[in-house]
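Enquirer: First to last, the sequence lines map onto chains A and B. The first sequence begins at 199 in our numbering and counts up one residue at a time. The second sequence begins at 37 in our numbering and counts up one residue at a time. Glycine included, C-beta positions come from ideal geometry on N, C-alpha and C. Please read all numbers here as calculations on a predicted model, not as lab measurements.
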Amino acid sequence: DVVLTQTPPTLSATIGQSVSISCRSSQSLLHSNGNTYLHWLLQRPGQSPQLLIYLVSRLESGVPNRFSGSGSGTDFTLKISGVEAEDLGVYYCVQGTHAPPWTFGGGTKLELK
Amino acid sequence: EVQLQESGPGLVKPSQSLSLTCSVTGYSITSNYWGWIRKFPGNKMEWMGYISYSGSTSYNPSLKSRISITRDTSKNQFFLQLNSVTTEDTATYYCARWPDYWGQGVMVTVSS
Numbered sequence: 199d200v201v202l203t204q205t206p207p208t209l210s211a212t213i214g215q216s217v218s219i220s221c222r223s224s225q226s227l228l229h230s231n232g233n234t235y236l237h238w239l240l241q242r243p244g245q246s247p248q249l250l251i252y253l254v255s256r257l258e259s260g261v262p263n264r265f266s267g268s269g270s271g272t273d274f275t276l277k278i279s280g281v282e283a284e285d286l287g288v289y290y291c292v293q294g295t296h297a298p299p300w301t302f303g304g305g306t307k308l309e310l311k
Numbered sequence: 037e038v039q040l041q042e043s044g045p046g047l048v049k050p051s052q053s054l055s056l057t058c059s060v061t062g063y064s065i066t067s068n069y070w071g072w073i074r075k076f077p078g079n080k081m082e083w084m085g086y087i088s089y090s091g092s093t094s095y096n097p098s099l100k101s102r103i104s105i106t107r108d109t110s111k112n113q114f115f116l117q118l119n120s121v122t123t124e125d126t127a128t129y130y131c132a133r134w135p136d137y138w139g140q141g142v143m144v145t146v147s148s
């Protein structure tokens, strides 16, 4: 199975600060069809996961544009440009290029400093 | 609006089967992919499998001998059955229109 390594495991930020989360894959996530099936999810406390970014950099409908995704191959980044209180929770990257199975990163917990 | 709701027992005995139902409103399960995902105590997430718009299934190989996902299109529901459970199957189980709409999750404890 593809292993996704997320860093850091915990991130402390102040409101308004810009932060980045890294997701590194054990194999290239470029599919033979040209797509890269790497998505980002956020699970807020007490809520179910929410899709933020799909196919590396495409913003899901309704998600604020302070969220952005980038990367290629094996290295991917989620950036939040100006953290807001509602952004706190656990962030996951998930890949499907080499599914089954789809595999998740270990998660990054974003906390207030 | 697409809404999903899991239902099923919160406590299952070891060696028995875990059975959950996902009821979907606002969208037909004859489109898209419909999956089961679980979150273990801590942060670890595991994709268990999904059933497609056509009824074909794909499972996590680590569960392949124990898992079955089926559906009832007349009720717009899909189902998870996990056999021979152990305490390691204790988790919160989510159903999802993979990957963009998720249910609220149901906590299942495996214990005698």
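May I ask which residues mark the beginning and end of the beta strand (DSSP E) holding residue 277 of chain A?
Expert: Position 79 of the first sequence, counting from 1, holds the residue named residue 277 of chain A. Counting along the chain, the beta strand (DSSP E) containing residue 277 of chain A begins and ends at 273-278.
Enquirer: In angstroms, rounded to a whole number, what distance separates the CA positions of residue 258 of chain A and residue 49 of chain B?
Expert: What you label residue 258 of chain A is simply residue 60 of the first sequence in a count that begins at 1. What you label residue 49 of chain B is simply residue 13 of the second sequence in a count that begins at 1. Distance between the alpha carbons of residue 258 of chain A and residue 49 of chain B: 40 angstroms.
Enquirer: Go through the region 277-310 of chain A residue by residue and report every complete run of the beta strand (DSSP E) that reaches 3 residues or more, in order.
Expert: Fully enclosed beta strand (DSSP E) runs of 3 or longer: 287-293 and 306-310.
Enquirer: Compare the C-beta of residue 302 of chain A against all C-beta atoms of chain B and say whether one is closer than 7 angstroms.
Expert: For this step, residue 302 of chain A is matched to residue 104 along the first sequence. Yes, residue 302 of chain A counts as interfacial toward chain B.
Enquirer: In terms of residue numbering, what span does the beta strand (DSSP E) encompassing residue 108 of chain B cover?
Expert: Taking the second sequence and counting its residues from 1, one reaches residue 108 of chain B at position 72. Run containing residue 108 of chain B: 103-108, per the beta strand (DSSP E) assignment.
Enquirer: Return the first residue and the last residue of the beta strand (DSSP E) that residue 82 of chain B is part of.
Expert: To locate residue 82 of chain B, count along the second sequence from 1; it is residue 46. 81-87 is the span of the beta strand (DSSP E), which, as asked, contains residue 82 of chain B.
Enquirer: Considering Cα atoms alone, identify which of B:55, B:108, B:54 and B:63 is closest to residue 40 of chain B.
Expert: Here residue 40 of chain B is taken as the residue at index 4 of the second sequence, counted from 1. The candidate whose alpha carbon is nearest that of residue 40 of chain B is B:63.
Enquirer: Give me the Cα-Cα distance between residue 206 of chain A and residue 268 of chain A, rounded to the nearest whole angstrom.
Expert: Taking the first sequence and counting its residues from 1, the one referred to as residue 206 of chain A is at position 8. Taking the first sequence and counting its residues from 1, the one referred to as residue 268 of chain A is at position 70. Roughly 17 angstroms separates the two Cα atoms.
Enquirer: Is there at least one Cβ from chain B nearer than 7 angstroms to residue 249 of chain A's Cβ?
Expert: Numbered from 1 along the first sequence, position 51 holds the residue referred to as residue 249 of chain A. Taking Cβ atoms only, chain B reaches closer than 7 angstroms to residue 249 of chain A, which makes this a yes.
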